[in-house]
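Throughout, this note's numbering is defined as the position within the sequence shown, counted from one, plus 110.
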Amino acid sequence: MKMNQKTSPLSQPVPYKILFPWLHLFRTFRLAVDFQKILLAVAGLLMLSLGNHLFNKLPFAPEAPASTGVVAVQHTIQFPPPSAGVVSESLTSERLSGLSTSPSGDLLSPATLLEPMGFFTRPVLTLFETGASWSALAYATTQLLWAVIIWAVFGGAITRIAAIQFAQDDHIGCRAALGFSLKRILSLVSAPLLPFAGMGFFWVLCLLIGLFGNIPGAGGVIVSLLWGLAFLFAFVLTLILLVTLAGWPLMMTTISVEDSDGFDGLSRIFSYLFGRIWYFLWLTVVVLCYGAVCLFFAAVLLQVMSYLAFWGVSWGMGSEQAQKLFQQDQPTLAATISIGWGSILNLLFSGFVISFFWSASTIVYFLLRKCDDGTPLDHVYVADEDQEETDELPLAGVAKSGEPIIERPVEPEESPTDENQTPSE
Numbered sequence: 111m112k113m114n115q116k117t118s119p120l121s122q123p124v125p126y127k128i129l130f131p132w133l134h135l136f137r138t139f140r141l142a143v144d145f146q147k148i149l150l151a152v153a154g155l156l157m158l159s160l161g162n163h164l165f166n167k168l169p170f171a172p173e174a175p176a177s178t179g180v181v182a183v184q185h186t187i188q189f190p191p192p193s194a195g196v197v198s199e200s201l202t203s204e205r206l207s208g209l210s211t212s213p214s215g216d217l218l219s220p221a222t223l224l225e226p227m228g229f230f231t232r233p234v235l236t237l238f239e240t241g242a243s244w245s246a247l248a249y250a251t252t253q254l255l256w257a258v259i260i261w262a263v264f265g266g267a268i269t270r271i272a273a274i275q276f277a278q279d280d281h282i283g284c285r286a287a288l289g290f291s292l293k294r295i296l297s298l299v300s301a302p303l304l305p306f307a308g309m310g311f312f313w314v315l316c317l318l319i320g321l322f323g324n325i326p327g328a329g330g331v332i333v334s335l336l337w338g339l340a341f342l343f344a345f346v347l348t349l350i351l352l353v354t355l356a357g358w359p360l361m362m363t364t365i366s367v368e369d370s371d372g373f374d375g376l377s378r379i380f381s382y383l384f385g386r387i388w389y390f391l392w393l394t395v396v397v398l399c400y401g402a403v404c405l406f407f408a409a410v411l412l413q414v415m416s417y418l419a420f421w422g423v424s425w426g427m428g429s430e431q432a433q434k435l436f437q438q439d440q441p442t443l444a445a446t447i448s449i450g451w452g453s454i455l456n457l458l459f460s461g462f463v464i465s466f467f468w469s470a471s472t473i474v475y476f477l478l479r480k481c482d483d484g485t486p487l488d489h490v491y492v493a494d495e496d497q498e499e500t501d502e503l504p505l506a507g508v509a510k511s512g513e514p515i516i517e518r519p520v521e522p523e524e525s526p527t528d529e530n531q532t533p534s535e
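Now the structure itself:
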């Protein structure tokens, strides 16, 4: 006698990623450790450094501009390491929070998870400073536009590669990704700049209230009575500003995933952030905590690699001789090249940080989209990057519709002499 046995639900694998889609965020490290993405990130850093170096020579540039040496890349990786004790101390003193590796604790300092955000937020915050001079506003606007353009090209390329890898488990090259972002440069640039038009409108309304203060005698009273309207306009300004600062990377990702225009990228992010604000905050917390561990691991790996390289070479040429290669008071060719290798290590670390940032933004967008409208995570706009059928003509003798072509036999032309000849001839 056989008994019906039912399969126990405990014997089946639990679909954790279906129940908790935010677990996909832990794929960020695997997406970020990509040489092509890191290379694009380093190229973006170098272009930002070149632009800021040129901007410092403009007439309205400040007299003592901030250092722009490779965009002030934080020298987290010490090369050469002074000693093994200093290396261990520097590794254990790294903040596991990952939000800042600088002594000042500035959240927008380089070599942090928010490093790409700093290039966008610092100029924006300068624009909203009270009593800022026209030269400072012009300099901040120039930096803002340059940062938006650079990250539209290189950040758009990184998010395009990350989107294809995450959704389709496929890979595209740097050339195809850069071609995608360059073709959509107008959309990628306009998406984060469109909110400034709305902020400018409410700024003008606040400005008009301030103009009443110039009326002799009653100006102060009128402005005091209109402070309520100023608060109302400022409330709308605050919402637009916060969503723009928080959603700027997601706007880039929207265009890379959907192949849409700047207005669609802006409207989607405003809808997602206002409708799923708590889910967005939860995803942000998870990314920051997970990214802190990843950055700590990357810093440990590169620092130990730096120490072991110096340790091995010093056994061959002597510790003192190896240290002399890095003496900056003697600007020799060997010292310049040796210090350059240390800069390359720090550039690679900063490139990994930027790659992690844009890869995480890509996954966050996929999760927000699925939570808001239920779009599957594997849905991404895919086009044949290498073939443009619209610009090519069909092959000769082949119908465009695929139907067979009936060729007529070619009749030989009769010469005038043949018409005068008789059949017997």
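Each residue gets a CB set at the ideal place from its N, CA and C atoms; glycine is no exception.
Keep in mind it's a predicted model, so treat the numbers as computed, not measured.
Checklist entry - How close, in whole Å, do the beta carbons of alanine 151 and glycine 461 come, if the pair is a contact with beta carbons under 8 angstroms? => result The residue given as residue 151 occupies position 41 in the sequence shown. The residue given as residue 461 occupies position 351 in the sequence shown. So it is a contact: roughly 4 angstroms between Cβ atoms.
Checklist entry - Does the beta carbon of cysteine 404 come closer than 7 angstroms to any beta carbon on chain D? => result Absence of chain D from the displayed structure is noted, only one protein chain being present.
Next on the checklist: So, for proline 226: in the same chain, excluding its five sequence neighbours on each side, which residues have a beta-carbon less than 6 angstroms away from its beta-carbon?
Outcome noted: For this step, residue 226 is matched to residue 116 along the sequence shown. Only Ile464, Phe467 meet the Cβ criterion.
Item to check | Host alpha helix (DSSP H) of tryptophan 358 (start-end) | outcome: Counting from 1 along the sequence shown, the entry for residue 358 is found at position 248. Looking at the DSSP string, the run of the alpha helix (DSSP H) that includes tryptophan 358 is 337-368.
Next on the checklist: Determine whether the beta carbon atoms of phenylalanine 459 and threonine 222 lie at a separation below 7 angstroms.
Outcome noted: The residue you call residue 459 lines up with position 349 of the sequence shown. The residue you call residue 222 lines up with position 112 of the sequence shown. No, the Cβ-Cβ distance between phenylalanine 459 and threonine 222 is not below 7 angstroms.
Checklist entry - Is leucine 168 helix, strand or coil by DSSP? => result Looking up residue 168 in the sequence shown gives position 58. Looking at leucine 168 - three-state DSSP - the assignment turns out to be coil, as it is neither helix nor strand.
Item to check | Candidates Phe341, Asp371, Leu315, Leu393: closest to leucine 303 by CA position | outcome: The sequence position of residue 303 within the sequence shown is 193, counting from 1. Comparing Cα positions, the closest option is Asp371.
Checklist entry - Roughly how many angstroms separate the alpha carbons of serine 159 and phenylalanine 165, rounded to a whole number? => result Translated into the one-based positions of the sequence shown, residue 159 becomes position 49. Translated into the one-based positions of the sequence shown, residue 165 becomes position 55. Approximately 10 angstroms, taken between the alpha carbons.
Checklist entry - Taking the Cβ atom as the reference point for each residue, do valine 423 and alanine 432 lie within a distance shorter than 7 angstroms? => result Counting from 1 along the sequence shown, the entry for residue 423 is found at position 313. Counting from 1 along the sequence shown, the entry for residue 432 is found at position 322. Their beta carbons are under 7 angstroms apart, which means valine 423 touches alanine 432 by this criterion.
Checklist entry - Is it the case that the Cβ atoms of leucine 135 and lysine 127 are separated by a distance below 7 angstroms? => result Here residue 135 is taken as the residue at index 25 of the sequence shown, counted from 1. Here residue 127 is taken as the residue at index 17 of the sequence shown, counted from 1. Against a cut-off of 7 angstroms, the Cβ pair of lysine 127 and leucine 135 comes out as no contact.
Checklist entry - Which residues mark the beginning and the end of the alpha helix (DSSP H) in which alanine 445 is found? => result The residue labelled residue 445 in the question sits at position 335 within the sequence shown. Taken as a continuous stretch (DSSP letters only), the alpha helix (DSSP H) holding alanine 445 covers 443-483.
Checklist entry - Are there 16 or more other CB atoms within 10 angstroms of the CB of asparagine 324, so buried, or fewer, so exposed? => result Within the sequence shown, residue 324 is the residue found at index 214, counting from 1. It is exposed - the Cβ of asparagine 324 has fewer than 16 other Cβ atoms within 10 Å.
Checklist entry - Looking at C-beta atoms only, is the number of pairs between the region 232-247 and the region 448-458 that lie closer than 8 angstroms three or more? => result no
Item to check | Buried versus exposed, by CB contacts within 10 Å (16 or more), threonine 363 | outcome: Stepping through the sequence shown from its first residue, residue 363 is reached at position 253. So threonine 363 ends up on the buried side.
Next on the checklist: Considering just the uninterrupted stretch of the alpha helix (DSSP H) at valine 143, what are its terminal residues?
Outcome noted: Position 33 of the sequence shown, counted from the start, is the residue given in the question as residue 143. Here valine 143 belongs to no alpha helix (DSSP H), and DSSP marks it neither H nor E.
Next on the checklist: I'd like to know whether the C-beta atoms of leucine 298 and isoleucine 350 end up nearer to each other than 7 angstroms.
Outcome noted: Within the sequence shown, numbered from 1, the residue matching residue 298 stands at position 188. Within the sequence shown, numbered from 1, the residue matching residue 350 stands at position 240. Not closer than 7 angstroms, so no.
Checklist entry - So, helix, strand or coil for threonine 236, using DSSP? => result Position 126 of the sequence shown, counted from the start, is the residue given in the question as residue 236. Looking at threonine 236 - three-state DSSP - the assignment turns out to be helix.
Item to check | Classification of tryptophan 256 by the beta-carbon crowding that lies within 10 angstroms, buried from 16 upward | outcome: Position 146 of the sequence shown, counting from 1, holds the residue named residue 256. That one is buried.
Checklist entry - If you run the structure through DSSP and keep just helix, strand and coil, what is glutamate 173? => result Along the sequence shown, one-based indexing puts residue 173 at 63. Here glutamate 173 sits in coil by DSSP.
Next on the checklist: Here's the rule: buried if 16 or more other CB atoms are within 10 angstroms of the residue's CB, otherwise exposed. What is valine 234?
Outcome noted: Counting from 1 along the sequence shown, the entry for residue 234 is found at position 124. Its Cβ being crowded by 16 or more others within 10 Å, valine 234 is buried.
Next on the checklist: Residues in the same chain with beta-carbon distance under 7 angstroms from leucine 201, minus the five sequence neighbours each way, listed in chain order, please.
Outcome noted: On the sequence shown, position 91 is the one that residue 201 refers to. With a pLDDT of 47 at leucine 201, under the threshold of 50, the predicted position of this residue should be treated as unreliable, though the coordinate-derived value follows. Contacts found: Val410, Gln413.
Next on the checklist: I need the DSSP call for histidine 134, collapsed to helix, strand or coil.
Outcome noted: Residue mapping note: residue 134 aligns to position 24 of the sequence shown, counting from 1. If DSSP states are grouped into helix, strand and coil, histidine 134 belongs with the helices.
Item to check | Beta carbon of phenylalanine 380 nearer than 7 angstroms to that of valine 353 | outcome: Position 270 of the sequence shown holds residue 380. Position 243 of the sequence shown holds residue 353. Taking 7 angstroms as the Cβ cut-off, phenylalanine 380 and valine 353 qualify as a contacting pair.
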